Amino acid sequence: MKDKSESVLWLPTADRVFLAVVAPAVGGAVGFFLPRWAPWAASQKWIPFQGVFEFVASWSHWWVQYLTTGIGVALGAAFVAFAFHDSLRVVVSASGLRLTEEGRTTSVARADASTVFVDGKELVVLDAASRQVVRAPIEEKEPAVERVFVEHGYSFVEGDPYESLYQRWIPGSPTLPAEVDAVMRAREMALQKKSREDASELREALDRLGIVVRERKSTQYWRPLVRG
908 MKDKSESVLW LPTADRVFLA VVAPAVGGAV GFFLPRWAPW AASQKWIPFQ
958 GVFEFVASWS HWWVQYLTTG IGVALGAAFV AFAFHDSLRV VVSASGLRLT
1008 EEGRTTSVAR ADASTVFVDG KELVVLDAAS RQVVRAPIEE KEPAVERVFV
1058 EHGYSFVEGD PYESLYQRWI PGSPTLPAEV DAVMRAREMA LQKKSREDAS
1108 ELREALDRLG IVVRERKSTQ YWRPLVRG
């Protein structure tokens, strides 16, 4: 049972309703018209998925349109389920945070959440040593995020309080120790491969080395820890 003192940040209600209604409807519409389009599409060799169109075009039974409509609705519903599953869900209470994303749940104690802010489309939570204990994409708008955290007694600020300390990472720069540079190189490769899990693990490794990192597109920026 959810504690009454908890608040949830997730996909905005309007977005959830929109996805739940529109995605299955669009899938169903595509499925409904697919048998009519399939013969023409199968004759246009430049259109991808020729095998699908040829297969559908080869069927002439009256029930094919109903079958493809049902499949379209099911695929739309599956898309909604994946979107809900993958979106960050944050439960905020006076005792701490619970974050669920892609089926994985992590907890952050209230004592480890000194500062909260939104950086672009990411929720960021810093501890007393300015480590990023949370940096994750969030769908809620910043005003809603601020309201919830302030209601539960957290320190919410507008923008990164350490913005001026960030420097662009330059491979091989003598500014950073060789060990840190090696981790930054590995993280750059993870970003290029779009491996969020590896990039997150390497960010945590840099935290342990006293370095906070973030990226803008594929460019990494770093700063030292600032202990309170």
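Note that our numbering has the sequence shown beginning at 908, numbered continuously upward. Even for Gly, the Cβ is constructed at its ideal location relative to N, Cα and C. Just so it is clear, the structure is predicted and the values come from calculations on it, not from any experiment.
For a quick check, are the C-beta atoms of residue i and residue j less than 8 Å apart?
i: residue 987; j: residue 1003; result: no
i: residue 1051; j: residue 1030; result: no
i: residue 1113; j: residue 1106; result: no
i: residue 1078; j: residue 1094; result: no
i: residue 1182; j: residue 934; result: Absent from the model: residue 1182. The displayed extent of the chain is 908 to 1135, so no value can be given.
i: residue 1069; j: residue 1130; result: yes
i: residue 1132; j: residue 1036; result: yes
i: residue 980; j: residue 938; result: yes
With respect to the beta strand (DSSP E) encompassing residue i, which residues constitute its N-terminal and C-terminal limits?
i: residue 1024; result: 1022-1026
i: residue 1043; result: 1039-1044
Spatial neighbours of residue i within its chain, please: C-beta separation below 6 Å, excluding the five flanking residues on both sides.
i: residue 961; result: 949
i: residue 1034; result: 1019, 1021, 1040
i: residue 998; result: 913, 915, 1005
i: residue 1084; result: none
Is residue i helix, strand or coil by DSSP?
i: residue 1001; result: coil
i: residue 1071; result: helix
i: residue 1011; result: strand
i: residue 1131; result: strand
i: residue 1126; result: strand
i: residue 918; result: coil
i: residue 1016; result: strand
i: residue 926; result: helix
i: residue 941; result: helix
In the DSSP assignment, find the unbroken alpha helix (DSSP H) run with residue i in it and report its ends.
i: residue 1115; result: 1103-1115
i: residue 1119; result: Looking at the DSSP string, residue 1119 is not in any alpha helix (DSSP H); the run it does join, the beta strand (DSSP E), is 1118-1123.
i: residue 1098; result: 1085-1099
i: residue 1031; result: That residue, residue 1031, is in no alpha helix (DSSP H); its beta strand (DSSP E) goes 1029-1033.
i: residue 1050; result: 1049-1058
Suppose the cutoff is 7 Å on Cβ atoms and the five residues either side in sequence are ignored; what does the same chain contact list for residue i look like?
i: residue 1061; result: 1020, 1023
i: residue 965; result: none
i: residue 1056; result: 999, 1023, 1063
i: residue 909; result: At residue 909, the pLDDT of 48 sits below 50, so the modelled position is not reliable; the number obtained from the coordinates is stated separately. Result list for residue 909: empty, nothing under 7 Å.
i: residue 1075; result: 1126, 1128
i: residue 1013; result: 1006
Considering only residues of the same chain and omitting the five flanking positions on each side of residue i, which have a CB-CB separation below 8 Å?
i: residue 1026; result: 1042, 1066, 1067, 1121
i: residue 971; result: 942, 963
i: residue 919; result: 1046, 1047, 1048, 1051
Exercise for review: Write down every uninterrupted run of the alpha helix (DSSP H) in the stretch 943-988 whose length is 4 residues or greater and which is fully enclosed by it, in chain order.
Suggested key: Within the stretch 943-988, the complete alpha helix (DSSP H) segments of 4 residues or longer fall at 957-964, listed in chain order.
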